[in-house]
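One point on numbering: in our numbering, the residue at position 111 of the sequence shown is 91, and numbering is uninterrupted.
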Amino acid sequence: MKILIPNNIFCNLFIKSLNFFDEKEINILNASSIVSEVENKNYDLGIIPTLDLLNHHDLFVSSKLGISFSGSLSPAYFYFIPEQRSISSLFLQGDVSTNEIIISKILFKDRFNIDIEINLDTEKIEILKKNYLVVGDMNFNNKYLGKGLSLAEELVDQIGFPYVNFVVVSKDEKSILELNESASNYTVDNSDSLEELLRQLDFENDIKSFIYSNLSSMSFLLKEDDIEGINEILRLPYYHGIIEDITEIQLR
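So this is what it looks like as structure tokens:
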């Protein structure tokens, strides 16, 4: 089966740890474009940002495998101008998706009663001059390490469940069921096995150490709390008047 994945450290760890796909079956694309490729059946499976399901709820979603966060480890981090009294705009950089746009709007509204202005930004990052939400592997270098605020951690505090950032989907139910079957033998969702996979990735040692020390806050095997997290994330846009109906998805 062919699978399409975002190009970030977590999706790479996931796909390597699963050991279900040949290298030639794995393809990479920016996160926001994957769902349409899966909808058009150009790929059997795709790893997509969870909130893409708002407009693609006909896709079948794995209830066994995904990429879930419950602490400081996150694919996205906020960087704020020091000692500012107020904030009105946020600049998004990196592999931005529906998740980051909607979640940041909701967090600012709920926490600070601010209707934050979202700007998609491609200029050089200057973290002392603008307020940023940086998405993807741009966060994982020594220049930014330890300076950001985890979006995952903030959202977990908000909803009371893990933040399932990415779900695995297909247009074909059989493909999802076959993938789920592979999950029954999945044993690598533990720190020792993932540490070995981390060593194989091209990141500085400090970055690998940071990720390794926080692996307990990430999971590829979805549990009951993760499923509740998916449902709660999908309800948030309804609670905030962004969509008119609660989204029901096809978990398998």
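Each residue gets a CB set at the ideal place from its N, CA and C atoms; glycine is no exception. Because the structure is a prediction, the values reported are computed rather than measured.
Reduced DSSP category for residue i - H, G, I as helix; E, B as strand; rest coil
i	result
Ile223	coil
Ser69	strand
Ile207	helix
Gln230	strand
Asn185	helix
Ser16	helix
Per-residue burial, residue i [other beta carbons within 10 Å of its own, 16 or more giving buried]
i	result
Ser42	buried
Asp32	buried
Ile222	exposed
Pro142	buried
Pro62	exposed
Gly140	exposed
Lys104	exposed
Contacts around residue i, its chain only, beta-carbon distance under 7 Å, and the 5 residues preceding and following it disregarded
i	result
Leu100	Leu72 and Val76
Asp90	Gln138
Cβ separation of residue i and residue j, assumed to be a contact under 8 Å, to the nearest whole Å
i	j	result
Ile(-17)	Ile8	Not a contact, Cβ separation roughly 10 Å.
Leu(-2)	Tyr166	7 Å
Ser189	Glu133	Actually they do not touch by this definition, with Cβ atoms about 19 Å apart.
Phe159	Leu87	The sequence shown places Leu at residue 159, not Phe. That pair is no contact at about 32 Å.
Ser66	Glu97	Between Glu97 and Ser66 the Cβ distance is about 12 Å, and since that is not below 8 Å, they are no contact.
Phe60	Asn111	5 Å
Val115	Thr30	Contact doesn't hold; Cβ gap of about 14 Å is too wide.
Leu202	Gly46	5 Å
Spatial neighbours of residue i in its chain, beta-carbon cut-off 8 Å, leaving aside the 5 residues before and after
i	result
Gly26	Ile(-17), Leu(-16), Ile(-15), Ile14, Val15, Glu17, Val18, Val148, Val149 and Ser150
Ser162	Leu(-2) and Phe0
Tyr192	Ser171, Leu174, Glu175 and Leu178
Nonlocal neighbours in the same chain, by C-beta distance under 6 Å from residue i, ignoring five residues either side
i	result
Ile156	Phe40, Ser42, Ser150 and Arg232
Ile187	Phe120
Short Cβ contact (8 Å threshold) for residue i with residue j
i	j	result
Ser196	Asp206	no
Phe120	Phe58	no
Leu108	Thr227	no
Leu113	Glu153	no
Ser52	Gly209	no
Asp117	Asn(-12)	yes
Residue-chain proximity (residue i, chain C), Cβ-Cβ < 8 Å
i	result
Gln230	Structure shown: chain C not included; a single protein chain is present.
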